[in-house]
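Residue numbers (the working numbering): 2 to 53. Ideal placement from N, C-alpha and C gives every residue a C-beta, glycine not left out. These notes concern the structure reproduced below.
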Amino acid sequence: MMEAARIYLDQEVSGVEFQKFLEDGLEDIRNGNLLDFQSVFDELEKSYDAGG
């Protein structure tokens with residue numbers, strides 16, 4: 002027997018995607034998968050300066 006497909010409205014999809022984004026972020030925090038902001042910013046700044 003075939004299951005009925007669920008059709009999501011755009012607003013529902015956005016909510017589901019946002020919830021998944023938050024859950025993934027919380028999982029990263031729990032696992033310690035975080036980057037040092039200053040070092041990442043410095044690398045981005047260097048690449049911007051080199052390209053401009």
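Can you tell me where the alpha helix (DSSP H) holding E18 begins and where it ends? Along the sequence shown, one-based indexing puts residue 18 at 17. Element bounds for E18: D11 to N32.
Within 8 Å, strictly: CB atoms of G35 and D43: For the purposes of this step, residue 35 is taken as the residue at position 34 of the sequence shown. For the purposes of this step, residue 43 is taken as the residue at position 42 of the sequence shown. For clarity, residue 35 is Leu in the given sequence; the question names Gly instead. Going by C-beta atoms, L35 is not nearer than 8 Å to D43.
Mapping DSSP to helix, strand and coil, what is E44? As a working note, residue 44 is residue 43 in the sequence shown. Helix, per DSSP.
Using only the alpha-carbon positions, how far apart do V14 and G33 sit? As a position in the sequence shown, residue 14 is number 13, starting the count at 1. As a position in the sequence shown, residue 33 is number 32, starting the count at 1. In a straight line, the C-alpha of V14 is about 28 Å away from that of G33.
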